[in-house]
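Here is the structure we will look at.
Number of protein chains: 2
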Amino acid sequence: MNSTLELKDIINAKSRISGLVNETPILTSSLLNTWLGHTIYFKAEGFQKIGAFKARGACNTIAWLIENHHTPKHFVANSSGNHAQAVAWAANRFDIPATIYMPDYSSKVKIQATKAYGAQVILCETRQEADDLVKRASENPDTYWIPPYNHEQVICGQGTVALEAMNSIGEVDAVFGPCGGGGLLSGSLIASRGLSKNIKVIGAEPLAGNDAAESLRKNSIQRLSSAPNTLADGAMTLAVGDITFEYLKQLDDFYEITEDTIIYWTQWLTHLLKSRIEPTSALGMEAAFQWLQKQKGKKTVLIILSGANIDQATTNKIWQNDCLTTEPFKL
Amino acid sequence: MNSTLELKDIINAKSRISGLVNETPILTSSLLNTWLGHTIYFKAEGFQKIGAFKARGACNTIAWLIENHHTPKHFVANSSGNHAQAVAWAANRFDIPATIYMPDYSSKVKIQATKAYGAQVILCETRQEADDLVKRASENPDTYWIPPYNHEQVICGQGTVALEAMNSIGEVDAVFGPCGGGGLLSGSLIASRGLSKNIKVIGAEPLAGNDAAESLRKNSIQRLSSAPNTLADGAMTLAVGDITFEYLKQLDDFYEITEDTIIYWTQWLTHLLKSRIEPTSALGMEAAFQWLQKQKGKKTVLIILSGANIDQATTNKIWQNDCLTTEPFKL
């Protein structure tokens, strides 16, 4: 897939979704900056509509369809997570009906929210059934299927996170983000490279589900056979897409993160930033932590916090042991 | 104690601490508003310096001493919690040394933060020992002891929370806050009454440590014999003060909240507001929930969220069972 998105496409997405999605806050922790000796800015997408950056991509895709006079009568999507809520919310925002096919093992909190945003939710016994049903539904010419990442307008929407952050804080030395299907990182790369050739863009995924790292090593898309066992549920995607893979190849570095480290930073970022932090958001922090230790001199970095949607079971797992007794400078 | 604080005293405090403390965000949840049929604004003091409203009172007291040419050479305080951090932070902000006497059972996270703000921390075997030592230290004429609530300038500092909120959102029908020693509620009452005679000001404390409710019923200050067994550690105070009690008597209503309800709203507010919510912050929410059910017509209320400092052990207790499967409208 030959995709040639540029900064101007992200800027167009930004003006398309302005006033519809939130301009999320930039958070910092003076304690963390003192301890690590660098300046770390966090773009807190947990305060985005639906509690995750996914609202941007869904909203931009719908607004782009309308702008191009291709408004469908119906949206469909398949997702167990934040993308389900994002399409439900965005379709509702434009007064267009949406049907979301969710595996019945999806967290109750996410099913509840998807319904509350006004979408019809079809619970399926397996992910495969959800995938089959959405495909069949999308064959109706009045119906548009919004995929979670492998779509240029979804990528442009997600790219507004980094653009918005750097409009606010200025240029940084490096941008860190988590890798699920690669939409957020692709958008971050296009935005950052457009702003400056010198900004490093660095990805991170759970070691337990390192299909993207394997794909980059083998230079071809590798697919996990089943959902990986990781707390970072936003990065459980089985494979990246053909569009996003082309952008992921251009990243400056890529880190594979252990579950213990995901728990450590989820606790610490929750504590320091006083915000709900989903485990997927901890991936970029650990990557930054490792990268910063290799740098000479004081750096300024941007870490994208993906979202804040966590159910009770996951919260319980995160807080079983006390990581707050070991400060980051003691690691 | 005959205290006659007025709105202008809170306004003076506000101008004294502006630029030193944060103007904290107002949060809302459209889902919660839809479910309850009212408009609820949350003033999120978790995003205050040191993660709690206590920074305001400590900062105002020091700034007021300096303004009146009574700058001491040394500050002392006794606290196991947020007040310790507040005095440590505020003294450091004004480049004046501080010593904080803390019981050694204080949460490690709070001891750690108090030290990180530059204070000398003296760990004591009991609360009584901490109280005795701070009293002795304060006998030095160059030393000033900042008490946690029973002090007019502390009260005025805490009153800036409600003032700032209503400057931002306009007048509301009612303001809800938690009751520890009564400083936050006293300040909220003075600010609200000054803005309008019609605003109801309503307090809440844990049923498990209901000394303030008992004091109001008996019209004399009742003292708990030992620290109550409640998750709301900001409301564990053994007794209100003689100054704060005079203001607490003027409250429009007062609620005593069960531990189960504290856990329920701590989970739900964390989930809906995507913020770290300390259990003490849930007290005002349950009071508002009960009060709103008795009202005719749609109301607009302000709930003061006291802070966001929670250790791992408490977090673990909060998330043991899943409250998120029962939505508030089903209660």
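Listed in order, the protein sequences are those of chains A and B. Reminder that position 291 of the first sequence reads as 291 in the numbering used here, one-by-one numbering, no gaps. Reminder that position 202 of the second sequence reads as 1202 in the numbering used here, one-by-one numbering, no gaps. C-beta: ideal position from N, C-alpha, C; glycine also. Here the structure is a predicted model, which is why all the values come from computation and not from measurement.
His1069 (chain B) burial status per 10 Å Cβ neighbour count (16 or more: buried): Position 69 of the second sequence, counting from 1, holds the residue named residue 1069 (chain B). Its Cβ having fewer than 16 others within 10 Å, His1069 (chain B) is exposed.
Check whether Ala1165 (chain B) and Lys1043 (chain B) have beta carbons under 8 angstroms apart: Taking the second sequence and counting its residues from 1, one reaches residue 1165 (chain B) at position 165. Taking the second sequence and counting its residues from 1, one reaches residue 1043 (chain B) at position 43. Yes, they are a contact pair.
Chain-ordered neighbours of Ala77 (chain A) on chain B, where CB pairs are closer than 9 angstroms: In the first sequence, the residue the question calls residue 77 (chain A) occupies position 77. Within chain B, no residue comes near Ala77 (chain A); the closest Cβ sits about 20 angstroms away, beyond 9 angstroms.
Any chain B beta carbon closer than 8 angstroms to Ser275 (chain A): Within the first sequence, residue 275 (chain A) is the residue found at index 275, counting from 1. Answer yes: the Cβ-Cβ gap between Ser275 (chain A) and chain B drops below 8 angstroms somewhere.
Limits of the beta strand (DSSP E) - the one that Gly1177 (chain B) falls within: The residue you call residue 1177 (chain B) lines up with position 177 of the second sequence. It spans Ala1174 to Pro1178 - the beta strand (DSSP E) in which Gly1177 (chain B) sits, taken as one unbroken run.
Bridge partners - Gln120 (chain A), DSSP secondary structure assignment: By 1-based counting over the first sequence, the position of residue 120 (chain A) is 120. Beta-bridge pairing links Gln120 (chain A) to A:Thr99.
Contact between the stretch 1117-1133 of chain B and the stretch 1014-1034 of chain B (3+ Cβ pairs under 8 angstroms): no
Cβ pair Lys1298 (chain B), His1038 (chain B) closer than 8 angstroms: Sequence index remark: in the second sequence, residue 1298 (chain B) carries index 298 (1-based). Sequence index remark: in the second sequence, residue 1038 (chain B) carries index 38 (1-based). A contact, by the Cβ cut-off of 8 angstroms.
Close Cβ partners of Thr270 (chain A) (< 6 angstroms) along its chain, the five nearest in sequence each way excluded: Sequence index remark: in the first sequence, residue 270 (chain A) carries index 270 (1-based). Exclusion of the five residues before and after Thr270 (chain A) leaves Ile277 as the residues of its chain whose Cβ lies within less than 6 angstroms of its Cβ.
Complete beta strand (DSSP E) runs within the stretch 223-280 of chain A (minimum length 3 residues, chain order): 253-257
Option nearest His151 (chain A) by Cα separation, candidates A:Gly181, A:Val201 and A:Asn22: Residue mapping note: residue 151 (chain A) aligns to position 151 of the first sequence, counting from 1. Of the candidates A:Gly181, A:Val201 and A:Asn22, the one whose C-alpha sits nearest the C-alpha of His151 (chain A) is A:Gly181.
Test item: CB-CB of Ala208 (chain A) and Pro178 (chain A) under 8 angstroms: If you number the first sequence from 1, residue 208 (chain A) lands on position 208. If you number the first sequence from 1, residue 178 (chain A) lands on position 178. No. Outside cutoff.
Member of B:Glu1171, B:Ser1215, B:Ala1308 and B:Asn1316 whose CA lies at the smallest distance from the CA of Ile1199 (chain B): Reading the second sequence from its first residue, position 199 is the one you call residue 1199 (chain B). Here the closest residue by C-alpha is B:Glu1171.
Assigned exposure category for Phe1289 (chain B) - 16 Cβ within 10 Å defines buried: In the second sequence, the residue the question calls residue 1289 (chain B) occupies position 289. Buried is the call here.
Positions along the stretch 1051-1063 of chain B whose CB lies within less than 9 angstroms of some CB in chain A: Gly1051
Reduced DSSP category for Leu1305 (chain B) - H, G, I as helix; E, B as strand; rest coil: In the second sequence, residue 1305 (chain B) corresponds to position 305, counting from 1. If DSSP states are grouped into helix, strand and coil, Leu1305 (chain B) belongs with the strands.
Neighbour flag for Gln312 (chain A) against chain B, beta carbons, 8 angstroms: For the purposes of this step, residue 312 (chain A) is taken as residue 312 along the first sequence, with counting starting at 1. So, interface residue.
7 angstroms CB neighbourhood of Gly234 (chain A) in its chain, flanking five on each side removed: Locating residue 234 (chain A) in the first sequence gives position 234, where the first residue counts as 1. Non-local C-beta neighbours of Gly234 (chain A) in its own chain, meaning closer than 7 angstroms and more than five positions away in sequence, comprise Gly81, Asn82, Pro178, Gly180, Glu278, Thr280, Ser306 and Gly307, ordered along the chain.
CB contact check: Trp1089 (chain B) to chain A, cutoff 8 angstroms: On the second sequence, residue 1089 (chain B) is found 89 positions in, with the first residue counted as 1. Trp1089 (chain B) does not count as touching chain A.
Within-8 angstroms CB hit, Ala1308 (chain B) to chain E: No chain E is part of this structure, whose protein chains are labelled A and B.
8 angstroms Cβ cutoff met for Ala337 (chain A) and Ile100 (chain A): One cannot answer for residue 337 (chain A) here, as it falls past the ends of chain A, which runs 1 to 331.
Proximity winner among B:Ala1191, B:Ala1098, B:Ser1168 and B:Asp1132, relative to Ile1146 (chain B) (alpha-carbon distances): Position 146 of the second sequence, counting from 1, holds the residue named residue 1146 (chain B). When only C-alpha atoms are compared, the closest one is B:Ala1098.
Interface flag, Gly1183 (chain B) vs chain A, CB-CB below 8 angstroms: As a position in the second sequence, residue 1183 (chain B) is number 183, starting the count at 1. Cβ-Cβ to chain A under 8 angstroms: no for Gly1183 (chain B).
The stretch 188-195 of chain A contacting the stretch 211-227 of chain A, beta-carbon criterion three pairs below 8 angstroms: no
Proximal residues of chain A, C-beta to C-beta of Phe1047 (chain B) below 8 angstroms: Counted from its first residue, the second sequence places residue 1047 (chain B) at position 47. Simply Lys274.
Contact list for the stretch 1094-1113 of chain B against chain A, Cβ threshold 8 angstroms: Lys1108, Val1109, Gln1112 and Ala1113
For Phe329 (chain A), the three-state DSSP class (helix, strand or coil): Counting from one through the first sequence, the residue named residue 329 (chain A) turns up at place 329. When DSSP states are grouped into helix, strand and coil, Phe329 (chain A) belongs to the helix group.
Ser1079 (chain B) vs Met1102 (chain B) beta-carbon contact at 8 angstroms: To locate residue 1079 (chain B), count along the second sequence from 1; it is residue 79. To locate residue 1102 (chain B), count along the second sequence from 1; it is residue 102. Taking a C-beta distance under 8 angstroms as the contact criterion, Ser1079 (chain B) and Met1102 (chain B) qualify as a contact pair.
Cys169 (chain A) to Asn33 (chain A) span [Cα, whole Å]: Locating residue 169 (chain A) in the first sequence gives position 169, counting from the first residue. Locating residue 33 (chain A) in the first sequence gives position 33, counting from the first residue. The question names Cys, but residue 169 (chain A) is Ile in the sequence shown. Roughly 16 angstroms separates the two Cα atoms.
Contact list for Asn1210 (chain B) against chain A, beta-carbon separation under 8 angstroms: Residue mapping note: residue 1210 (chain B) aligns to position 210 of the second sequence, counting from 1. Neighbours of Asn1210 (chain B) on chain A: none; closest Cβ ~28 angstroms, over 8 angstroms.
Top-ranked residue by Cα proximity to Gly1057 (chain B), from B:Pro1072, B:Lys1073 and B:Ala1091: Position 57 of the second sequence, counted from the start, is the residue given in the question as residue 1057 (chain B). If we check each option's Cα against that of Gly1057 (chain B), B:Ala1091 comes out closest.
Nearest candidate by alpha-carbon position, reference Asp1311 (chain B), set B:Val1109, B:Ile1155 and B:Lys1218: Locating residue 1311 (chain B) in the second sequence gives position 311, counting from the first residue. Comparing Cα positions, the closest option is B:Val1109.
Per-residue contacts from Ala116 (chain A) into chain B (C-beta, under 7 angstroms): As a first step, residue 116 (chain A) must be located in the first sequence, where it is residue number 116. The answer, in chain order, is Leu1031.
Proximity test, Cβ basis, 8 angstroms: Asp1322 (chain B) and chain A: Taking the second sequence and counting its residues from 1, the one referred to as residue 1322 (chain B) is at position 322. Answer yes: the Cβ-Cβ gap between Asp1322 (chain B) and chain A drops below 8 angstroms somewhere.
Contact check, Leu123 (chain A) vs Val201 (chain A), beta carbons under 8 angstroms: Counting from 1 along the first sequence, the entry for residue 123 (chain A) is found at position 123. Counting from 1 along the first sequence, the entry for residue 201 (chain A) is found at position 201. No. Outside cutoff.
Distance between Ala162 (chain A) and Leu292 (chain A) (C-alpha atoms, nearest Å): Counting from one through the first sequence, the residue named residue 292 (chain A) turns up at place 292. Counting from one through the first sequence, the residue named residue 162 (chain A) turns up at place 162. Using only the alpha carbons, I get a separation of about 19 angstroms.
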